[in-house]
């Protein structure tokens, strides 16, 4: 959850504007005019200082840690694992009581004072409640309850990633990986499946020896020309490769369970087309403006026409978005993207 701190800044801005208005109609001669000027100058400086302090601060909570990020030009991140938090409290200064904000303080074992502070957050009681719920979830059930849980019924959470080409699905996957999720790159797994001797043999029987390059591997460029030019051939290939990828994926999910991962991410361009969304607890749609997506695919050596051709072979972006439970907008920097990912995890 991102906790903006704009209310105090707005109050300061209002004071500055009122001072300027009063300055426009001064009374009392030269000395009074000079006094007004100094007051306005001081208020402007205070306003600028408060904006510099407040605006670049962002707070977030994942399912495993609480974070704060500060700084305009260089970002400083502080985080505390939820498992190490002993207790959390809310305090309010006189100013915070006046502005309807509060400070959330995290205390951990073995430290004096507080390990992390979220200062001047809006709706502090609501935030405190959300934080305590997250702490309870991170600590898990008591040992007595845990004894009665059937291990076969506790499966890691599975998140499916879809979106436009170049929208930044891989960046979202990496952010989830830092939140203790195991990432399955379905596109990479599909390419690896093409190098299996049995799969390569099928492709040669369908499309001839020319489908294999001089190094003995499948010629990906020629393969793309075939499947993106003929939907029937694309479905033929998918019917061969998708079951292989799906079987491997079940092994990875079992591995995530053994390793105690928070969940599994399936980064699959054809998640809906392959029916893999049925394996997911939730599907995230990663969105980005077209100009940004074009810039990213151009860096891969693709033309604008290539992007259009490949997306035409998939479900429309509107349909993917409508069938997804969460939308992540990737139109800013990586720090902002991580905040948005943390927000989605906390939902």
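In my numbering, the protein residues as written are 10 to 356.
For each residue, glycine too, the CB sits at the ideal point set by N, CA and C.
| query | result |
| --- | --- |
| Counterpart residues of residue 192 in DSSP-defined beta bridges | 274 |
| Range of the contiguous beta strand (DSSP E) that encloses residue 296 | 291-296 |
| Buried versus exposed, by CB contacts within 10 Å (16 or more), residue 281 | buried |
| Cβ distance (whole Å) where residue 86 is taken to contact residue 78 below 8 Å | 5 Å |
| Helix, strand or coil at residue 238 [DSSP, three-state] | helix |
| Selection from 340, 292, 137 that minimises the alpha carbon distance to residue 299 | 340 |
| CA-to-CA distance, residue 213 to residue 219, given in whole angstroms | 8 Å |
| Inter-residue spacing [alpha-carbon to alpha-carbon] between residue 253 and residue 264 | 17 Å |
| At least 3 beta-carbon pairs within less than 8 Å: the segment 222-235 vs the segment 292-306 | no |
| Residue 231 versus 216, 245, 244, 188, residue with shortest Cα-Cα distance | 216 |
| The segment 265-276 contacting the segment 187-202, beta-carbon criterion three pairs below 8 Å | yes |
| Cα-Cα separation between residue 251 and residue 205, rounded to whole angstroms | 13 Å |
| Opening and closing residue of the beta strand (DSSP E) in which residue 130 lies | 125-131 |
| Outcome for residue 347 when other beta-carbon atoms lying within 10 angstroms are tallied against a minimum of 16 | buried |
| Unbroken beta strand (DSSP E) run spanning residue 323, endpoints | Unbroken run through residue 323: none, as it is neither H nor E. |
| Any non-hydrogen atom of the ligand ADP within 7 Å of residue 269 CB | No copy of the ligand ADP occurs in the structure displayed, which carries no ligand at all. |
| Residue 345 - partner residues in DSSP beta bridges | Looking at the DSSP assignment, residue 345 forms no beta bridge with any residue, so it has no partner. |
| CB of residue 113 within 8 Å of CB of residue 104, strictly | no |
| Closest residue to residue 176 among 336, 351, 352 (Cα-Cα distance) | 336 |
| Three-way DSSP call (helix, strand, coil) for residue 309 in this model | coil |
| Alpha-carbon to alpha-carbon, residue 137 and residue 88 | 17 Å |
| Reduced DSSP secondary structure (H/G/I, E/B, other) of residue 142 | helix |
| Pick from 259, 71, 239 that is closest to residue 187, judged by C-alpha positions | 71 |
| Alpha-carbon spacing of residue 320 relative to residue 124, whole angstroms | 47 Å |
| Outcome for residue 98 when other beta-carbon atoms lying within 10 angstroms are tallied against a minimum of 16 | exposed |
| Residue 198 classed as buried or exposed, judged by whether at least 16 other C-beta atoms fall within 10 angstroms | buried |
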